[in-house]
Amino acid sequence: MLNNVAIQINRANRQRTLREPNAIPCVLFDKKVTRTSDDETADGYPTIGPLGVMSDEDEAAYEWVETGEAMIHFSQGYAAPLGNTSDDGSRMDYADGILEASIEPLADPGTEGYVQPGKRMLVAVLMGGGVIVNFEIVDVTGNVNIPPYTRKYLLNPRPDEAVSEDLDE
0 MLNNVAIQIN
10 RANRQRTLRE
20 PNAIPCVLFD
30 KKVTRTSDDE
40 TADGYPTIGP
50 LGVMSDEDEA
60 AYEWVETGEA
70 MIHFSQGYAA
80 PLGNTSDDGS
90 RMDYADGILE
100 ASIEPLADPG
110 TEGYVQPGKR
120 MLVAVLMGGG
130 VIVNFEIVDV
140 TGNVNIPPYT
150 RKYLLNPRPD
160 EAVSEDLDE
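In numbering that gives the first Met the number 0, the protein residues as written are 0 to 168.
What follows is the structure, encoded as structure tokens:
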């Protein structure tokens, strides 16, 4: 019964994001690793020598694949909780200047073109006038800890990605 709360919050957040006058159109891209291993894979990822690769975060050989159009609504700047450091205290978990946003694909959930935004996806925000600003989703957060959870996205700027230069606004 409590999971209906998160479902209704997600529906309301979707409608708010899609209808918000300050929402901005964007295009979502997913990272596809182009490097292939010699002969084996570990859970679908190419291996480096005999070692399995845990994540595509540090891959040098990749390309961005367009997954669909969406709307993004930036909320206030993200304020990390107290203790915003790694377990050993040597670095910060979230860099200063990280942004929090709601992102909703234009396709309806359950339809063919729908893609749930996730970590390490590229978001090309179409600001207007030919200006495109790239962000990478670095984490997914929310304020309801009841499945299916609520989703907000933490974004870091990614000005170094050139994949969005070919987009028509």
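Ideal Cβ placement from N, Cα and C applies to all residues, glycine included.
Among the options, which residue has its Cα nearest to the Cα of residue i?
i: H72; options: T66, P104 and V64; result: P104
i: V26; options: N2, I102, V139 and V4; result: I102
i: S163; options: F28, A22, R13 and N2; result: F28
i: M0; options: G117, Q115, A106 and P147; result: P147
i: L17; options: E58, A69 and T110; result: A69
i: R119; options: I8, V139 and D107; result: V139
Would residue i be called buried (16 or more neighbouring beta carbons within 10 Å of its own) or exposed?
i: T33; result: exposed
i: I97; result: buried
i: A60; result: exposed
i: T149; result: buried
i: T66; result: buried
i: P116; result: buried
Below 8 Å on the Cβ atoms is my guess for residue i versus residue j; work out the distance and round it to an integer in Å.
i: N133; j: L121; result: 6 Å
i: E99; j: S74; result: 5 Å
i: N2; j: I145; result: 6 Å
i: L166; j: A106; result: Between A106 and L166 the Cβ distance is about 18 Å, and since that is not below 8 Å, they are no contact.
Are there any heavy atoms of the ligand ATP lying less than 8 Å away from the beta-carbon of residue i, as far as the coordinates show?
i: N12; result: Among the ligands in the structure shown, none appear at all, so the ligand ATP cannot be discussed.
Give me whichever residues DSSP pairs with residue i in a beta bridge.
i: Y152; result: A100 and V139
i: Y61; result: V32
i: N133; result: A123
i: V4; result: Note: V4 sits in no beta bridge, so no partner.
i: I23; result: I71
Between residue i and residue j, what straight-line distance do the alpha-carbon atoms span, to the nearest angstrom?
i: V4; j: R10; result: 10 Å
i: A161; j: E62; result: 10 Å
i: K31; j: R13; result: 27 Å
i: Y152; j: G128; result: 25 Å
i: P156; j: Q7; result: 31 Å
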